[in-house]
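Trainee: My numbering puts the sequence shown at residues 827 to 986.
Glycine is no exception: its CB is placed at the ideal position from the N, C-alpha and C atoms.
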Amino acid sequence: MLHLPFGSRAEGGANIDAFTHALRLNVLLGSFGADDRMVRLLVAICYENVATGVALTAFVAYLSGIISKKFTAVQYALLSSLTFLVGSLGRGVAGESFDKYGYALVFRWTAAAGLIAVAFVLLEWWRVAAQERRVAKAQLPPATGAKATEALAESGQPAR
Numbered sequence: 827m828l829h830l831p832f833g834s835r836a837e838g839g840a841n842i843d844a845f846t847h848a849l850r851l852n853v854l855l856g857s858f859g860a861d862d863r864m865v866r867l868l869v870a871i872c873y874e875n876v877a878t879g880v881a882l883t884a885f886v887a888y889l890s891g892i893i894s895k896k897f898t899a900v901q902y903a904l905l906s907s908l909t910f911l912v913g914s915l916g917r918g919v920a921g922e923s924f925d926k927y928g929y930a931l932v933f934r935w936t937a938a939a940g941l942i943a944v945a946f947v948l949l950e951w952w953r954v955a956a957q958e959r960r961v962a963k964a965q966l967p968p969a970t971g972a973k974a975t976e977a978l979a980e981s982g983q984p985a986r
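Set out below in structure tokens:
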């Protein structure tokens with residue numbers, strides 16, 4: 827999802843133009859001297875920065891939930907390095923793909939690949955919610971939400 831504005835920019839920016847005209851961002855940024863091309867670039871970069879911030883926050887929160895407090899630094903370093911290794915190894919393939927298929931198609935395929943990560947996040951959310959329901963049902967009859975999380979923490983099982 828991160829690369830959708832860049833895919834739109836590669837095809838002329840019709841989607842970004844519709845967005846900026848609906849919110850009248852083109853008028854606001856135009857008062858500072860930005861033309862339509864600059865407005866498209868600014869909106870795409872802003873979208874990327876917000877999406878990256880949200881994704882990295884979720885990533886750090888997830889890692890914080892699965893690592894052991896005893897080995898925090900080592901586990902966090904290894905898991906984050908493995909995550910960024912995929913991006914580093916894919917740069918050569920991405921460069922050749924840009925040459926072969928064009929920017930718009932590669933950006934759209936990259937965004938579609940991000941949907942796999944979203945599916946895994948939803949599956950993990952469902953798994954944790956189901957685990958909390960089981961713990962709440964087994965230990966505390968009316969426990970829900972934060973109470974179930976507390977009961978899970980007291981039981982010694984990882985909260986994830």
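What residues in its chain sit with their C-beta under 7 Å from that of residue 846, if we drop five residues either side in the sequence?
Mentor: Cβ neighbours of residue 846 within its own chain (closer than 7 Å, five residues either side excluded): 852, 865, 869.
Trainee: Output yes or no for whether 7 Å exceeds the beta carbon distance between residue 924 and residue 932.
Mentor: yes
Trainee: Classify residue 842 as helix, strand or coil using the three-state DSSP reduction.
Mentor: helix
Trainee: Starting from the Cα of residue 884, find the closest Cα among 859, 959, 961, 943 and give me that residue.
Mentor: The residue with the shortest Cα to Cα distance from residue 884 is 943.
Trainee: If we ignore side chains and look at the alpha-carbon of each, how far apart do residue 863 and residue 926 end up?
Mentor: 25 Å
Trainee: Just the C-alpha distance for residue 936 and residue 949, rounded to the nearest angstrom, thanks.
Mentor: If you draw a straight line from the Cα of residue 936 to the Cα of residue 949, it comes to about 21 Å.
Trainee: Would you call the CB atoms of residue 902 and residue 893 closer than 7 Å?
Mentor: yes
Trainee: What's the C-alpha gap between residue 850 and residue 839?
Mentor: 16 Å
Trainee: What distance in whole Å lies between the Cβ atoms of residue 889 and residue 908, which are believed to be in contact at a cut-off of 8 Å?
Mentor: So it is not a contact: roughly 11 Å between Cβ atoms.
Trainee: For the alpha helix (DSSP H) holding residue 881, just list the boundary residues, first then last.
Mentor: 862-892
Trainee: Does the Cβ of residue 871 have 16 or more other Cβ atoms within 10 Å, making it buried, or fewer, making it exposed?
Mentor: exposed
Trainee: For residue 958, is the classification buried or exposed, using 16 other Cβ atoms within 10 angstroms of its Cβ as the cut-off for buried?
Mentor: buried
Trainee: Could you check what DSSP says for residue 923 in three-state terms: helix, strand or coil?
Mentor: Per DSSP, reduced to three states, the secondary structure at residue 923 is helical.
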